[in-house]
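Engineer:
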Amino acid sequence: MSASTAPFSGSASARAARNHALDLVRAAALLLGVAFHAGLSFYPGQQMWIVMDDSRSVPIALAGFVLHSFRMATFFLLAGYFGRMVYHRKGARSFILGRIKRIAIPLVLFWPPLFMAFGMAVVWGITKQWGITADQLPPPPPMSVATFPLTHLWFLYVLILFYALMLTVRTAIAMVDRSGALRDRLDSVAGLMMRTGLLPVVLALPVAGLLLQHTGWMGWAGVPTPDTGLVPNLAGFGTYFIAFSIGWVLQRRADALEPLKALWPVFLGLAALLTVFLMVPLGDNEALASATAGTSHTISAFAFATLAWAYTFGFIGLALRFFHRENRVTRYLADASYWLYLIHLPIVLAMQVWVMKWGWPAEAKLAFILVVSVSAMLVSYQVFVRYTPIGWLLNGKRRRILTSKPKLALEPAE
Numbered sequence: 082m083s084a085s086t087a088p089f090s091g092s093a094s095a096r097a098a099r100n101h102a103l104d105l106v107r108a109a110a111l112l113l114g115v116a117f118h119a120g121l122s123f124y125p126g127q128q129m130w131i132v133m134d135d136s137r138s139v140p141i142a143l144a145g146f147v148l149h150s151f152r153m154a155t156f157f158l159l160a161g162y163f164g165r166m167v168y169h170r171k172g173a174r175s176f177i178l179g180r181i182k183r184i185a186i187p188l189v190l191f192w193p194p195l196f197m198a199f200g201m202a203v204v205w206g207i208t209k210q211w212g213i214t215a216d217q218l219p220p221p222p223p224m225s226v227a228t229f230p231l232t233h234l235w236f237l238y239v240l241i242l243f244y245a246l247m248l249t250v251r252t253a254i255a256m257v258d259r260s261g262a263l264r265d266r267l268d269s270v271a272g273l274m275m276r277t278g279l280l281p282v283v284l285a286l287p288v289a290g291l292l293l294q295h296t297g298w299m300g301w302a303g304v305p306t307p308d309t310g311l312v313p314n315l316a317g318f319g320t321y322f323i324a325f326s327i328g329w330v331l332q333r334r335a336d337a338l339e340p341l342k343a344l345w346p347v348f349l350g351l352a353a354l355l356t357v358f359l360m361v362p363l364g365d366n367e368a369l370a371s372a373t374a375g376t377s378h379t380i381s382a383f384a385f386a387t388l389a390w391a392y393t394f395g396f397i398g399l400a401l402r403f404f405h406r407e408n409r410v411t412r413y414l415a416d417a418s419y420w421l422y423l424i425h426l427p428i429v430l431a432m433q434v435w436v437m438k439w440g441w442p443a444e445a446k447l448a449f450i451l452v453v454s455v456s457a458m459l460v461s462y463q464v465f466v467r468y469t470p471i472g473w474l475l476n477g478k479r480r481r482i483l484t485s486k487p488k489l490a491l492e493p494a495e
């Protein structure tokens, strides 16, 4: 997964370099998803996940709340940012072909085997937790447009929809705004909001509205994940398309992200305060079972939406300020993160089933799951992906032995 680099001037050479800070943030958004899913079996309260461990942990649940609040918004914002970059570097035809190669084909190829592996882990987990046999399980619901199980690969499906929608919107705007004056004004407004630090608050308004219209929305659950059905839920689709669109718009200006280098402490400080505000009721297990109502529900939605944007812009600014230099380890993880996220869910679930009856503390089990699963997945990336046709599909072709400095590709493998 690669990106472009700083500063984004109009020259092709400047745009061809790699932005290591943004690479790191996008890789982190995916890898934190591995940690989030690995912790779900340790949440206190009722059946929150497919299998529930004998050991539970409130700190793991609270950490999961934080991770889930911003990681996908961050990912989609950067997907929009890099998407526009590739579009203008390569043109519409190459852009569309690239999205088919990097996103659509992996979705079609990897979903069937991963779904089968996930289903096997589900059966193993449920039979082990409840002490029943596989033939006692009810039959799965029939697949339909409404019930199709996209699993964790929903992000690829949604990205395809986002690209198609954005290209349609872009074409319509270009026809109406032939001089570019309207887009210039939009750039100015976005730049002003970024420089003043108001953008997270402004963007929180539509997201809060989307969350409130979602039936049964609960603050602890974050943005409703559009992982079931081929018609995504409006709250999840709308929230993440806003993030994608903002990334697309911000990429229009060479200096759009510069204010984040100075404002990241403000954003992360605001996010921390809102996290504490929202976590207070989450300390009570009963809060995990029901949503708030009335005015407090509205306040919670706005606070959560602001928190998500504040974390997103705060971590991007932190990376731009301190992690802009090339680092072999972080670059390797950035390259590997797409593969790791694609394959992680059945592996993590199987690990959860394996340790669920152990007498270890929840935190020790979670650490064990992460160390073993991530290590195994990294080995699989190095052996089976990095220099193979799978890697060529996901991240572009690379050579094992380089006699000169490699060309840094601009293909984002979201």
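Under the working numbering, the first residue of the sequence shown is numbered 82, with each subsequent residue one higher. Note that beta-carbon positions come from the ideal geometry of N, C-alpha and C, so glycine has one too.
Buried or exposed for K446, going by 16 or more other Cβ atoms inside 10 Å?
Structural biologist: With 16 or more Cβ atoms within 10 Å of its Cβ, K446 is classed as buried.
Engineer: Taking its Cβ as the centre, do 16 or more other Cβ atoms sit within 10 Å of F163, making it buried, or is it exposed?
Structural biologist: Result: buried.
Engineer: Distance, Cα to Cα, T320 vs T252?
Structural biologist: Approximately 22 Å between the Cα atoms of the pair.
Engineer: In terms of alpha-carbon separation, which member of Q217, L401, L341 and A384 lies closest to L354?
Structural biologist: Ranking the options by Cα distance to L354, first place goes to A384.
Engineer: Could you check the C-alpha separation between H101 and R412 for me, to the nearest Å?
Structural biologist: C-alpha separation (whole angstroms): 7 Å.
Engineer: Which residues mark the beginning and the end of the alpha helix (DSSP H) in which M458 is found?
Structural biologist: Unbroken alpha helix (DSSP H) run through M458: A443 to S461.
Engineer: Measuring CA to CA, which of P222, M299 and F322 is closest to Y238?
Structural biologist: If we check each option's Cα against that of Y238, F322 comes out closest.
Engineer: Quick check on P230: does DSSP put it in helix, strand or coil?
Structural biologist: Strand.
Engineer: For T208, which beta-bridge partners are listed by DSSP?
Structural biologist: Answer by DSSP bridge pairing: none, since T208 is not bridged.
Engineer: Which residue's Cα is closest to the Cα of L430: S136, A202 and Y168?
Structural biologist: The residue with the shortest Cα to Cα distance from L430 is A202.
Engineer: With a CB to CB cut of under 6 Å and the five nearest residues on each side skipped, what residues in its chain are close to D336?
Structural biologist: Here the set comprises nothing.
Engineer: Can you list, in chain order, the residues of its chain with a C-beta nearer than 8 Å to that of L555? Leave out the 5 residues immediately preceding and following it.
Structural biologist: Nothing in the structure corresponds to residue 555, since the chain is present only between 82 and 495.
Engineer: Beta-carbon within less than 6 Å of A386's beta-carbon, same chain only, minus the 5 sequence neighbours each way: which residues are those?
Structural biologist: Result list for A386: A285, V288 and A289, in chain order.
Engineer: Buried or exposed: which applies to S175, given that a residue is buried once 16 or more other Cβ atoms fall within 10 Å of its Cβ?
Structural biologist: That one is exposed.
Engineer: Could you compute how far the alpha carbon of T309 sits from the alpha carbon of T228?
Structural biologist: The straight-line gap from Cα to Cα measures roughly 6 Å.
Engineer: Please classify T387: does DSSP put it in a helix, a strand, or coil?
Structural biologist: Here T387 sits in helix by DSSP.
Engineer: Using DSSP with H/G/I as helix, E/B as strand and the rest coil, what is T309?
Structural biologist: If DSSP states are grouped into helix, strand and coil, T309 belongs with the strands.
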